[in-house]
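Colleague: Numbered per our numbering, the sequence shown spans residues 513 to 899.
Right, I'll just put the structure down here and ask away after.
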Amino acid sequence: MTGATIGVGLVGYAFMGAAHSQAWRTVHRAFDLPLAPRMAVLCGRDRARAEAAAAKLGWASVETEWKRLIESRDVDLVDICTPGDSHAEIALAALAAGKHVLCEKPLANTVAEAEAMAAAAAEAATRGVRSMLGFNYRRVPAVALARKLVAEGRLGEIRHVRAQYLQDWLVDPEFPLVWRLRKDKAGSGALGDLGAHAIDLAQFVTGSAITGVSGLTETFVAERPRPGSGGRGPVTVDDTALFLARFAGSAVGTFEATRFASGRKNALRLEVNGAAGSLAFDFEAMNELAFHDHTEDPELGGFRRIQVTEPGHPYVGAWWPPGHGLGYEHTFTHEVRDLLAALAAGEDPEPSFADGLQVQRVLAAVEESAAASSVWTRVGVGASDGG
């Protein structure tokens, strides 16, 4: 690794902020990179809490206004880990100021915001200013291996995609009305929070975009306790979302996102069936990939379990001896590893803001379809006549 460094400013220090901080602290210790991150500034509205978070997470200084963070000469890259309602404003300001941007998913709360962000990112790239969207599950070694198998043609023509993201943290009707349950803050519920990951994963692994959907959403608990203030308030987002999809080409898919699947903690699942084989992944067994080669002797056929823990597997060689599994936090380390490598090479990292816009358009099409009794809706176009 060279002596070059890049100053990072983090906006937000809760769940995602802590995960990103872990990545910035460890990436240059695991990977040999031409750039080393310098954890320059953390931003939070409450100074006392922000200072405590900075001390715990390893940040050198604190700001209480994100605009001051962007203005700081110590910051070359702005990492956005705030609720979705502020992504667009912060990202647009950072790009205009010549700062690289890493933004958590989903890209924005609306298609219009996502379009503005993608356009700004494209313009900034002409000035050498880069941007990336934080779909961290792309960086699970088993998922990266799945993408490699599809790209190599090991599955043949893709026919079926099945994607689920199942959690259970909202089953209790007395769980408080947090920001993720408010449309003005989160944009949508399980659809944007979980469904965005499932959509990106399916498109990433297959290399094919979703072109049309038929959706259904439901809110099971209409009101929840207001945190700290007493009384109850309305839940203004979906609790679950399901949709059918067509991909560019001939593949079809089924998607499900819910935070009401009791017993499922973080079950992000993907199965892809092709003419020559199939693969299946479940994040609750994140170091494994199931693979079936349909060209083999059927008497010996079936799914095999691949332990994705060998040095030749994506990302794995930077860590532990063969057979020692990785965890959730490593996906973020891999994410910033790829970002830093792209920045050093003068290349645009992936997933791009344009990729995020595509996901945003799928989310909007699902919502539009669900609001119109599941009418078939073309992505990026609106309700169609069934074409």
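Glycine is no exception: its CB is placed at the ideal position from the N, C-alpha and C atoms.
Among the residues of its own chain, which have a CB less than 6 Å from the CB of Gln-676, if the five just before and after it don't count?
Modeller: As a working mapping, residue 676 is identified with position 164 in the sequence shown. Correct list, in chain order: Glu-768, Arg-781.
Colleague: Go through its chain and collect everything with a Cβ distance to Phe-795's Cβ below 8 Å, but skip five positions before and after it.
Modeller: Position 283 of the sequence shown, counted from the first residue, corresponds to residue 795. Excluding sequence neighbours, Phe-795 sits near Tyr-649, Val-652, Asn-778, Ala-779, Leu-780, Arg-781.
Colleague: Is the segment 613-632 touching the segment 866-882, taking contact as three or more C-beta pairs under 8 Å?
Modeller: Segments in contact, yes.
Colleague: From the DSSP output, in three-state form, read off Ala-572 for me.
Modeller: Working through the sequence shown from its first residue, we reach residue 572 at position 60. Coil at Ala-572, not helix or strand.
Colleague: Could you say which of Phe-815, Glu-880, Phe-844, Asn-799 lies nearest to His-836 if we only look at CA atoms?
Modeller: Taking the sequence shown and counting its residues from 1, one reaches residue 836 at position 324. If we check each option's Cα against that of His-836, Asn-799 comes out closest.
Colleague: For Gly-899, does the count of other Cβ atoms within 10 angstroms reach 16, so buried, or fall short, so exposed?
Modeller: Counting from one through the sequence shown, the residue named residue 899 turns up at place 387. With a pLDDT of only 39 at Gly-899, under 50, the local geometry of the prediction cannot be trusted, and no value is derived from it.
Colleague: Which residue comes first and which comes last in the alpha helix (DSSP H) that contains Met-798?
Modeller: Stepping through the sequence shown from its first residue, residue 798 is reached at position 286. Premise fails: Met-798 is in no alpha helix (DSSP H) and is neither H nor E.
Colleague: If we ignore side chains and look at the alpha-carbon of each, how far apart do Arg-890 and Arg-537 end up?
Modeller: Position 378 of the sequence shown, counted from the start, is the residue given in the question as residue 890. Position 25 of the sequence shown, counted from the start, is the residue given in the question as residue 537. Distance between the alpha carbons of Arg-890 and Arg-537: 42 Å.
Colleague: Buried or exposed for Phe-716, please, with buried defined as at least 16 other CB atoms from any protein chain shown within 10 angstroms of its CB.
Modeller: By 1-based counting over the sequence shown, the position of residue 716 is 204. Buried: at least 16 other Cβ atoms inside 10 Å.
Colleague: Please state the DSSP three-state secondary structure of Gly-529.
Modeller: Counting from 1 along the sequence shown, the entry for residue 529 is found at position 17. Three-state DSSP puts Gly-529 in a helix.
Colleague: What number of angstroms, rounded off, separates the C-alpha of Ser-776 from the C-alpha of Ile-582?
Modeller: The residue given as residue 776 occupies position 264 in the sequence shown. The residue given as residue 582 occupies position 70 in the sequence shown. A quick correction: the sequence has Arg, not Ser, at residue 776. Cα-Cα distance, rounded: 39 Å.
Colleague: State yes or no: is the C-beta of Lys-617 within less than 7 Å of the C-beta of Ala-708?
Modeller: Here residue 617 is taken as the residue at index 105 of the sequence shown, counted from 1. Here residue 708 is taken as the residue at index 196 of the sequence shown, counted from 1. Contact flag set, yes.
Colleague: Candidates Pro-549, Leu-791, Asp-809: which alpha carbon is nearest Gly-519's?
Modeller: Counting from one through the sequence shown, the residue named residue 519 turns up at place 7. Ranking the options by Cα distance to Gly-519, first place goes to Pro-549.
Colleague: Measure the beta-carbon distance from Leu-693 to Arg-736 and round it to whole angstroms, keeping in mind my assumption that it falls under 8 Å.
Modeller: Stepping through the sequence shown from its first residue, residue 693 is reached at position 181. Stepping through the sequence shown from its first residue, residue 736 is reached at position 224. Yes, Leu-693 and Arg-736 are in contact; Cβ-Cβ is about 6 Å, under 8 Å.
Colleague: How long is the line joining the alpha carbons of Thr-514 and Leu-852, rounded to whole angstroms?
Modeller: Against the sequence shown, residue 514 aligns to sequence position 2. Against the sequence shown, residue 852 aligns to sequence position 340. Summary for Thr-514: the model assigns pLDDT 40, below 50, so the residue's position carries little reliability; its value from the coordinates is reported in the next sentence. In a straight line, the C-alpha of Thr-514 is about 13 Å away from that of Leu-852.
Colleague: I need the DSSP call for Asp-750, collapsed to helix, strand or coil.
Modeller: In the sequence shown, residue 750 corresponds to position 238, counting from 1. Here Asp-750 sits in coil by DSSP.
Colleague: Can you tell me the Cα-Cα spacing of Thr-770 and Ala-710, whole angstroms?
Modeller: Locating residue 770 in the sequence shown gives position 258, counting from the first residue. Locating residue 710 in the sequence shown gives position 198, counting from the first residue. So the alpha carbons of these two residues sit roughly 11 Å apart.
Colleague: Is Ala-675 helix, strand or coil by DSSP?
Modeller: In the sequence shown, residue 675 corresponds to position 163, counting from 1. In the structure shown, Ala-675 sits in a strand (DSSP, three-state: E or B).
Colleague: What are the boundary residues of the beta strand (DSSP E) that Arg-550 is part of?
Modeller: Position 38 of the sequence shown, counted from the first residue, corresponds to residue 550. Looking at the DSSP string, the run of the beta strand (DSSP E) that includes Arg-550 is 548-555.
Colleague: When you compare the CB positions of Pro-739 and Pro-685, do they come within less than 7 Å of one another, or not?
Modeller: The residue labelled residue 739 in the question sits at position 227 within the sequence shown. The residue labelled residue 685 in the question sits at position 173 within the sequence shown. Cβ distance not < 7 Å, so Pro-739 and Pro-685 don't count as in contact.
Colleague: Following the continuous alpha helix (DSSP H) through His-825, name the residue where it begins and the one where it ends.
Modeller: Counting from one through the sequence shown, the residue named residue 825 turns up at place 313. No alpha helix (DSSP H) holds His-825; DSSP gives it neither H nor E.
Colleague: Rounded to a whole number of angstroms, what is the C-alpha to C-alpha distance between Val-673 and Leu-703?
Modeller: Working through the sequence shown from its first residue, we reach residue 673 at position 161. Working through the sequence shown from its first residue, we reach residue 703 at position 191. Spanning the two alpha carbons is a distance of roughly 17 Å.
Colleague: Could you pull the start and end residues of the beta strand (DSSP E) that Pro-737 belongs to?
Modeller: Residue mapping note: residue 737 aligns to position 225 of the sequence shown, counting from 1. Unbroken beta strand (DSSP E) run through Pro-737: 735-737.
Colleague: Taking only the alpha-carbon atoms, compute the straight-line gap between Ala-605 and Thr-843 and give it to the nearest angstrom.
Modeller: Here residue 605 refers to the residue found at position 93 when the sequence shown is read from its first residue. Here residue 843 refers to the residue found at position 331 when the sequence shown is read from its first residue. Those two C-alpha atoms are separated by around 27 Å.
Colleague: Does the segment 630-649 come close enough to the segment 659-668 that 3 or more CB-CB pairs lie under 8 Å?
Modeller: These segments do not touch.
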